[in-house]
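Asker: Structure provided below as structure tokens; questions to follow.
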Amino acid sequence: MGNRGNFFWFLMRNIRTRAVLDRETSLRYWLTVIAQDRGAVPLTSRLDVYVEVEDENDNIPLTFEPVYYSNIPENSPEGTTVVKMEAFDLDVNPDQRISYHVTAGDPQSYFSLDSATALATTEAMYTTMCYRSHRPLRVPLLTAHQKVQRLK
């Protein structure tokens with residue numbers, strides 16, 4: 001049996017895995033099974049088996065930067081872009097999307113975060129009064145949490 005990496009074994013007409021398969025390590029395996037009878041002159045046949053590993057949601061989404069910094073001018077109007085974040089996920093399932101959510105740092109809701117595009121904008125005119133209300137945090141802090149959702 002062609003079994004590079006020794007990930008599979010054969011037991012009573014069944015091919016079984018020896019270890020957990022990870023799509024991010026190997027997308028597919030080609031196995032070669034040889035069947036041989038016990039005749040005086042043994043006859044054989046060959047069967048190729050293609051195994052495609054389905055993706056499991058086993059990787060967390062990661063942002064391209066560990067922290068995103070931004071500055072906006074005082075009196076910035078509603079809808080001013082604050083920052084555009086980007087994330088990636090090593091899982092390859094096409095029906096998974098990354099969504100973004102504010103989880104801390106904006107109790108007064110001065111900012112808006114588009115859950116699909118990760119574009120953070122001002123929700124209202126950003127003034128000196130807004131900044132002063134954030135003073136306990138020292139600077140406006142906007143953090144995002146990414147999660148993967150399966151689309152139905």
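The numbering of the sequence shown is the UniProt record's numbering, which starts it at 1 and goes up by one. Virtual Cβ for every residue (Gly too), placed ideally from N, Cα, C. As the structure is a computational prediction, the values presented were derived from the model and not from experiment.
Below 8 Å on the Cβ atoms is my contact criterion, and I expect V53 with R28 to pass it. Report the Cβ-Cβ distance as a whole number of Å.
Answerer: Indexing the sequence shown from 1 puts residue 53 at position 53. Indexing the sequence shown from 1 puts residue 28 at position 28. The Cβ separation is near 7 Å, so the contact holds.
Asker: For the beta strand (DSSP E) that contains N14, what are its first and last residues?
Answerer: One-based indexing of the sequence shown puts residue 14 at position 14. Residues 14–17.
Asker: Near A35, which residues of its chain fall below 6 Å by C-beta distance, leaving aside the five closest residues on each side in sequence?
Answerer: On the sequence shown, residue 35 is found 35 positions in, with the first residue counted as 1. S45, listed in sequence order.
Asker: Going by DSSP, what residue range makes up the beta strand (DSSP E) through I34?
Answerer: Locating residue 34 in the sequence shown gives position 34, counting from the first residue. Segment 28–36, the beta strand (DSSP E) holding I34.
Asker: My output table needs one value for F7: the three-state DSSP class, helix, strand or coil.
Answerer: Sequence index remark: in the sequence shown, residue 7 carries index 7 (1-based). Of the three classes helix, strand and coil, the one that applies to F7 here is coil, per DSSP.
Asker: For T81, tell me which candidate among A118, P66, A19, H101 has the shortest Cα-Cα distance.
Answerer: Taking the sequence shown and counting its residues from 1, one reaches residue 81 at position 81. Closest option to T81, Cα to Cα, is A118.
Asker: Given this structure, state the Cα-to-Cα distance separating M125 from F111, to the nearest angstrom.
Answerer: Here residue 125 corresponds to residue number 125 of the sequence shown, with the count starting at 1. Here residue 111 corresponds to residue number 111 of the sequence shown, with the count starting at 1. Spanning the two alpha carbons is a distance of roughly 10 Å.
Asker: CB-CB under 6 Å to L43, same chain, minus the five flanking residues each way: which ones, in chain order?
Answerer: Position 43 of the sequence shown, counting from 1, holds the residue named residue 43. Counting only Cβ-Cβ distances below 6 Å, and skipping sequence neighbours, we find D37.
Asker: Using only the alpha-carbon positions, how far apart do Y100 and L62 sit?
Answerer: Within the sequence shown, numbered from 1, the residue matching residue 100 stands at position 100. Within the sequence shown, numbered from 1, the residue matching residue 62 stands at position 62. About 11 Å.
Asker: Taking only beta-carbon atoms, is Y50 less than 8 Å away from chain B?
Answerer: No chain B appears in the structure shown, which is made up of a single protein chain.
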